[in-house]
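Chemist: Chains as they are written, first to last, in numbering that gives the first Met the number 0: chain A, 0 to 648; chain B, 0 to 648.
Number of protein chains: 2
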Amino acid sequence: MDAKVAARLAPVTLRQVAIRDGFWAERQRVNREITIPAIYQKLEETGRLAAWSGVRTHEIPRERSVVHMFWDSDTGKWLEAVAYSLSTHPDAALKAQADAVIAAIESAQQEDGYLNTYFPLLEPAGRWANLRDWHELYNAGHLIEGAVAYMQATGDGKLLEVLSRFADCIDDTFGSDDGKLRGYPGHPEIELALVKLYRETGEKRYLKLAKYFIDERGQAPHYYDWEATERGESRDDYWAKTYRYCQAHAPVREHTEANGHSVRACYLYAGIADVALETDDAELLRLSRLLWDDLTQQQMYVHGGVGPSHHNEGFTFAYDMPNETAYCETCAAIALAFWGQRMFHLDPDGRYIDIMERAIYNSSLSGISHSGDEFFYANPLTAYPGVNPQGRWHDTLEAGQYRRVPWFFCPCCPPNISRLIASIGDYSYSQAGERVYVHLYHDNSVTLDVAGRALELKQSTQYPWNGAISFAVQVDEPLPFELALRIPDWCYDFQLAVNGEAQSLLAEKGYVVLAREWAAGDSVELKLSMPVERVLPHPNIRQTAGQIALQRGPLLYCLEETDNGPQLANVQIPAEVKLEAAFDTALFGGVSVITGEALRSERSDGSSALYRHRSQVNIADSRFTFRAIPYYLWANREPGEMRVWVRSC
Amino acid sequence: MDAKVAARLAPVTLRQVAIRDGFWAERQRVNREITIPAIYQKLEETGRLAAWSGVRTHEIPRERSVVHMFWDSDTGKWLEAVAYSLSTHPDAALKAQADAVIAAIESAQQEDGYLNTYFPLLEPAGRWANLRDWHELYNAGHLIEGAVAYMQATGDGKLLEVLSRFADCIDDTFGSDDGKLRGYPGHPEIELALVKLYRETGEKRYLKLAKYFIDERGQAPHYYDWEATERGESRDDYWAKTYRYCQAHAPVREHTEANGHSVRACYLYAGIADVALETDDAELLRLSRLLWDDLTQQQMYVHGGVGPSHHNEGFTFAYDMPNETAYCETCAAIALAFWGQRMFHLDPDGRYIDIMERAIYNSSLSGISHSGDEFFYANPLTAYPGVNPQGRWHDTLEAGQYRRVPWFFCPCCPPNISRLIASIGDYSYSQAGERVYVHLYHDNSVTLDVAGRALELKQSTQYPWNGAISFAVQVDEPLPFELALRIPDWCYDFQLAVNGEAQSLLAEKGYVVLAREWAAGDSVELKLSMPVERVLPHPNIRQTAGQIALQRGPLLYCLEETDNGPQLANVQIPAEVKLEAAFDTALFGGVSVITGEALRSERSDGSSALYRHRSQVNIADSRFTFRAIPYYLWANREPGEMRVWVRSC
């Protein structure tokens, strides 16, 4: 694809995508009916909403010890989720609730545009005093995203005006001009938000500010050293010990690997991709590809999760993939999906969307319960009673099962998965002039403008349970356009037909392109072969040697104790065993499960000795039929063991 | 064995055991020439020695932030190691050095007998104010052990007088009598030390105090709650969250499993066994067996290490044995060996000595470098560059190789392994009247008193490299006694001869007993069959499923990258492969190595993809000859991977 096409390439927005049935319709229903109200209730209960009006009334809503400096971001993400939901499912009561929150936010804005609940209420002198650790710019980013989404959803620009004033205040404060502070956020996020704000308002200062934040990051003399000295602290007292934690150890353009806190990293990288696209910056494109390849070819789990360590909530080193203690924060998987979508628009190639889809269907969706009101922070690949990937105190007293919970002290993940589910339409299509890309397959209708004429594509499928997808074309009169259908990386065999006539096409950069003049009633049938696959890990991943994972279509599978009994480490799936997929209507409203014959090794000598010499031990292998369920659904039934990687023989 | 014999059963002391050649002679030489001087230098450099005289002169030896409340224990353990060394290898210069330290200690003693450097110097009001966290009684225990050893080694009772006065002060302060504090140590150790002091001095109050500390532990109302309130703190602020950490969650006699901080646990359990023996307490015997069985049958690593978690430096739950992050503190293995020896005297059975030997030769000895001047705190079973079992910050910046170091901020392990090596003679024999138990096989001569007559047994062997052991009996005139020779749990075949005449005897409770009238020049030949064994883990240990360890005699083996190349997780030792042992004179002054044919699995498709479907991958198995070395010697050559558990097929 040439640069000209790339430059015009843009996502189709969720407002163009109607989802009325199928996999995502049900997830969005639960999100609307359960998740969004549940999060609102928590925002209210915890004082996060009262804090906004508290700024003006000087009322601290809760005991000081629980008021935290990242509170505002939770409101911002909830408003964003609400906005996406209102875009596709108008709801006057919900809008009224959101409008009241917006009014409270507006009431908290300072004369100069500054907007924050924590510092005015609890620590006025702290304003902008510690960009490294305090979260003012992170909060600003999420509020800006919420404001842009709310404007787009409702046409009501009040919140956007508030956040534009705050963005102006930030722009007046930070930058390389004389008299400005040369700071940048310790927790990136605002970069991508400022690009959204620029796109919505057309105000180039916001794009310039985003670019400044990226380019100033990690420059010497180091801003975080300077501000620490200003606070009377030593840089050596930095709790995280290294600026790698916040990707500020070196100027960004000199980075060669993804590192540090994984959510910080992926938000930053998504912002870099946005700025690269908007400023046509070849160096940032090179950097984006480099970081993407490092992360996805050396540091990503099979479920699309990233950041193995709870110590830094982030990256460790290449091929380091502990399973039980895999941190893999829900927010990091979501941020990776965001970044993948942006990479596609910067460098059109299906490989970015392959990772985006992997992260969405597996390590992001696992972050929320099937019921919609409980959440994971960490998304491990093996679960064992008594092990907690969040790294809390290990002692038998607290050795319960790791489970989803309704809320966290730092509840960044719940509203994040909520906004992703509500906006899945944003990730489904892209358009570049007369070319329409289909990224995600699910039941929906998309309305497009091709060369000034209306096109409706109706997509019908049971994906991800089935690889058969059909498209019905609706146009008023014949219309030439290119339909680019994604052939996922997991698919080695597909059949394609237009109006029943088989098409023999090869995928290029992950897409087959049907270029023709389309007429009303034209149909496309795509059949993606979706056998059960055994996934083998890279041999450098020491933690999975000799083990396989099961995947079918975009879904990774896992074995749970409730289906397969305990001691899953002793289960082996022989190489020659046939694996079958079947749709189980009784499970979670209908999901495909994988079954096959497995071996379970057991000692039959009755000894309780921990260690015995081979010559003294009898081992018996028994056969049983295992059942694997989609990974994202684990921990929704009885507590017990879970394994993604299973020994093979 | 009946109770009468058990009651008379006692260890033979190291002063009776002359070690002039072989495995332990060399370890003791390095200990004398390198380790003991190196530790002295660190005690001096860090201000630990100056602190003793500082109490009287009110001079704080270092900046306050590095002075710590456990300092005194390091001096105590060093003096103990010195005493053991002087017992067998008199050294006037070393004794003079120790005497100067003892004089400084004496100068620090308060009027009422209280002895401590930290509190008089830095926090006078802190005396006895926080038994839960502060280490006054733990320090006292180690100083008492040092004093008893020094008295026994040199006949110089000055330090013993000082510590007896401190013990009297402690006895005046704590107890169930009216007017005394009902406290007990947060870090057990003093219990076993008080029994040593009782045995040396004959003063029954010390035994009674040891018993009080054991029985008061965990009683309600809880002393640590009370003292927290006295300090103006809430019990809920306890950093460790649970009194299980210090084995004070319930009265000791109600405990059903080993838990909490593993060094605290094993010192406590050793003290319980001592008190059980001295007070003939059947309930404490029952408890000791219960805790021993739980720990050694559900919570012990194959190298005898205990306490898998760095979070609490201790236990987690049954069968939880992570390998890379195995904490297995050197001190915990040593404490387990101490406890095992005491269990044998309480309940004469070789199974306790089997564990003692396992812990000494593997997870204790691994704590010190072959050169004698570097130490491990944690003793993991798998090493991989970038992984640190001490649980420090995980980021590529600090992702070095885990290696032994010369010293620690909390250097409990260095003098502990030093005192164990110096006192190996204490663990080699026991005697009960006319029965002589041989527990450990190594080159030495032991001098015994049997029914008032002198007996010398000269033991010659290349153990642990070889299972052939010969004994030469020296008596002035014929002497009846029973020679009880331990048949280790790892040995399934042995040959025994007296004066060349084969003996057909079965082992009972781990020992074969040769009962006869012995004459000068009688000889015994014991040949323990010592093939290379494949060790299989209990199937409940999920982390080692499908893997084997290699053991020969008492030694556990490991593969290091320097011998076997990287990616050891991809190495498999097939079940049918013959494993050979050979003595390599070029390695570490001569050690047995294990070799055999192994498979290495490698992807041959050239793909850099992290995850590939089985159908898309080519895997090639290549054969090579692996070399395994004794585990205790790992990390003495080039940095790199190490594995104890290797995949089998």
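Quick reminder that beta carbons are idealized off the backbone N, C-alpha and C, glycines included.
Given this structure, state the Cα-to-Cα distance separating Thr87 (chain B) from Leu13 (chain B), to the nearest angstrom.
Modeler: Whole-angstrom Cα-Cα distance: 8 Å.
Chemist: For a test of the three-state rule: what should DSSP assign to Ser522 (chain B), helix, strand or coil?
Modeler: Correct three-state label for Ser522 (chain B): strand.
Chemist: Take Ala152 (chain A) and list the residues in its own chain whose beta-carbon comes closer than 6 Å to its own, dropping the five residues that flank it on each side.
Modeler: Cβ neighbours of Ala152 (chain A) beyond the five flanking positions: Ala82, Leu85, Ser86.
Chemist: If you compare alpha carbons, which of A:Gly112, A:Glu110, A:Trp77 is closest to Gln96 (chain A)?
Modeler: Among A:Gly112, A:Glu110, A:Trp77, the Cα nearest to that of Gln96 (chain A) belongs to A:Trp77.
Chemist: Should Asp170 (chain B) go down as buried or exposed, given a rule of 16 or more other Cβ atoms within 10 Å for buried?
Modeler: That one is buried.
Chemist: Can you have a look at Gly366 (chain A) and say buried or exposed, based on whether 16 or more other CB atoms are within 10 angstroms of its CB?
Modeler: Buried: at least 16 other Cβ atoms inside 10 Å.
Chemist: In chain B, what lies closer than 9 Å to Ser84 (chain A) by C-beta?
Modeler: Residues of chain B passing the Cβ test: none, with the nearest at roughly 34 Å.
Chemist: Going by Cα to Cα distance, which pick from B:His441, B:Ser469, B:Ile468 is closest to Ala24 (chain B)?
Modeler: For the residues B:His441, B:Ser469, B:Ile468, the minimum Cα distance to Ala24 (chain B) belongs to B:His441.
Chemist: Three-state secondary structure (DSSP) at Asn138 (chain A)?
Modeler: Three-state result, Asn138 (chain A): helix.
Chemist: Is there contact here, the region 587-594 of chain A with the region 318-335 of chain A, by at least three beta-carbon pairs under 8 Å?
Modeler: As far as the Cβ criterion goes, the region 587-594 of chain A does not touch the region 318-335 of chain A, which means the pair count is below three.
Chemist: Below 8 Å between beta carbons: does that hold for Ile354 (chain A) and Thr295 (chain A)?
Modeler: Yes.
Chemist: Go through the region 488-570 of chain B residue by residue and report every complete run of the beta strand (DSSP E) that reaches 3 residues or more, in order.
Modeler: Counting only runs of 3 or more, we get 493-497, 500-502, 510-517, 522-527, 531-536, 546-551, 554-559.
Chemist: Given a cut-off of 8 Å on the beta-carbon distance, is the pair Asn322 (chain A) and Leu380 (chain A) in contact?
Modeler: Against a cut-off of 8 Å, the Cβ pair of Leu380 (chain A) and Asn322 (chain A) comes out as a contact.
Chemist: Can you give, in chain order, each stretch of the alpha helix (DSSP H) that sits fully within the region 5-84 of chain B and has at least 4 residues?
Modeler: Here the runs fully enclosed are 21-29, 35-44, 47-56.
Chemist: Are the CB atoms of Lys526 (chain B) and Ala467 (chain B) nearer to each other than 8 Å?
Modeler: Taking 8 Å as the Cβ cut-off, Lys526 (chain B) and Ala467 (chain B) qualify as a contacting pair.
Chemist: Counting only C-beta atoms, is Phe316 (chain A) closer than 8 Å to chain B at any point?
Modeler: Chain B contact via Cβ: present.
Chemist: Establish whether the CB of Tyr556 (chain B) and some CB of chain A are separated by less than 8 Å.
Modeler: Judged by the 8 Å Cβ criterion, Tyr556 (chain B) is not in contact with chain A.
Chemist: For a cutoff of 8 Å on Cβ pairs, would you count Met299 (chain A) as touching chain B?
Modeler: Yes, because at least one Cβ of chain B sits closer than 8 Å to the Cβ of Met299 (chain A).
Chemist: Using DSSP with H/G/I as helix, E/B as strand and the rest coil, what is Thr381 (chain B)?
Modeler: Strand.
Chemist: Which whole runs of the beta strand (DSSP E) in the region 420-500 of chain A are 3 residues long or more, in chain order?
Modeler: Counting only runs of 3 or more, we get 428-431, 434-437, 443-449, 452-460, 467-474, 478-485, 493-497.
Chemist: Interface residues of chain A around Asp319 (chain B) at Cβ under 7 Å?
Modeler: Within chain A, the residues near Asp319 (chain B) are Gly385.
Chemist: Going by CA-CA distance only, name the one from B:Leu419, B:Ala50, B:Pro119, B:Cys648 that's closest to Tyr360 (chain B).
Modeler: The shortest C-alpha separation from Tyr360 (chain B) is found at B:Leu419.
Chemist: Taking Ala519 (chain B) as the reference, which of B:Gln546, B:Val511, B:Leu478, B:Pro538 has the closest Cα?
Modeler: Considering only alpha carbons, the answer is B:Leu478.
Chemist: Going by beta carbon distance, what residues of the same chain come within less than 7 Å of Ala9 (chain A), once the five residues before and after it are set aside?
Modeler: Closer than 7 Å at the Cβ level, and outside the excluded window around Ala9 (chain A), lie His344, Ser429, Gln430.
Chemist: Taking C-beta to C-beta, are Tyr244 (chain B) and Gly231 (chain B) nearer than 8 Å?
Modeler: Not a contact, by the Cβ cut-off of 8 Å.
Chemist: Pairing CB atoms from the region 527-536 of chain B with CB atoms from the region 557-568 of chain B, are three or more of them under 8 Å?
Modeler: The region 527-536 of chain B, when compared against the region 557-568 of chain B, does not touch it at the 8 Å Cβ threshold.
Chemist: Going by DSSP in three states, Ser365 (chain A) sits in which element: helix, strand or coil?
Modeler: It is helical.
Chemist: So, with DSSP's three-state summary, where would you put Phe316 (chain A)?
Modeler: Note: Phe316 (chain A) maps to coil in three-state DSSP.
Chemist: By Cβ distance below 8 Å, which residues in the same chain neighbour Gln649 (chain A) in space, the five residues on each side in sequence not counted?
Modeler: Residue 649 (chain A) cannot be examined here, being either before or after the span of chain A that is shown, 0 to 648.
Chemist: Is Leu555 (chain A) closer than 8 Å to Leu578 (chain A) when the C-beta atoms are compared?
Modeler: In this structure, Leu555 (chain A) does not lie closer than 8 Å to Leu578 (chain A) by Cβ.
Chemist: Whose Cβ in chain B lies nearer than 9 Å to the Cβ of Arg533 (chain A)?
Modeler: Residues of chain B passing the Cβ test: His612, Arg613, Ser614.
Chemist: What is the DSSP secondary structure of Ser163 (chain A), counted as helix, strand or coil?
Modeler: If DSSP states are grouped into helix, strand and coil, Ser163 (chain A) belongs with the helices.
Chemist: Excluding the five sequence neighbours on either side, which residues of its own chain have a C-beta within less than 8 Å of the C-beta of Val194 (chain A), listed in chain order?
Modeler: The residues are Tyr205, Leu206, Ala209, Gly270, Asp273, Val274, Glu277.
Chemist: Can you name, in chain order, every residue of its own chain whose Cβ lies under 8 Å from the Cβ of Asp583 (chain B), other than the five neighbours on each side?
Modeler: Around Asp583 (chain B): Gly589, Val590, Ser591, Val592.
Chemist: Does the contact criterion of 3 or more C-beta pairs under 8 Å hold for the region 213-227 of chain B versus the region 102-114 of chain B?
Modeler: At 8 Å Cβ cutoff, the stretches do not touch.
Chemist: Could you round the C-beta distance between Leu159 (chain A) and Glu199 (chain A) to whole angstroms and report it? I think they count as a contact, below 8 Å.
Modeler: Contact holds; Cβ gap of about 7 Å.
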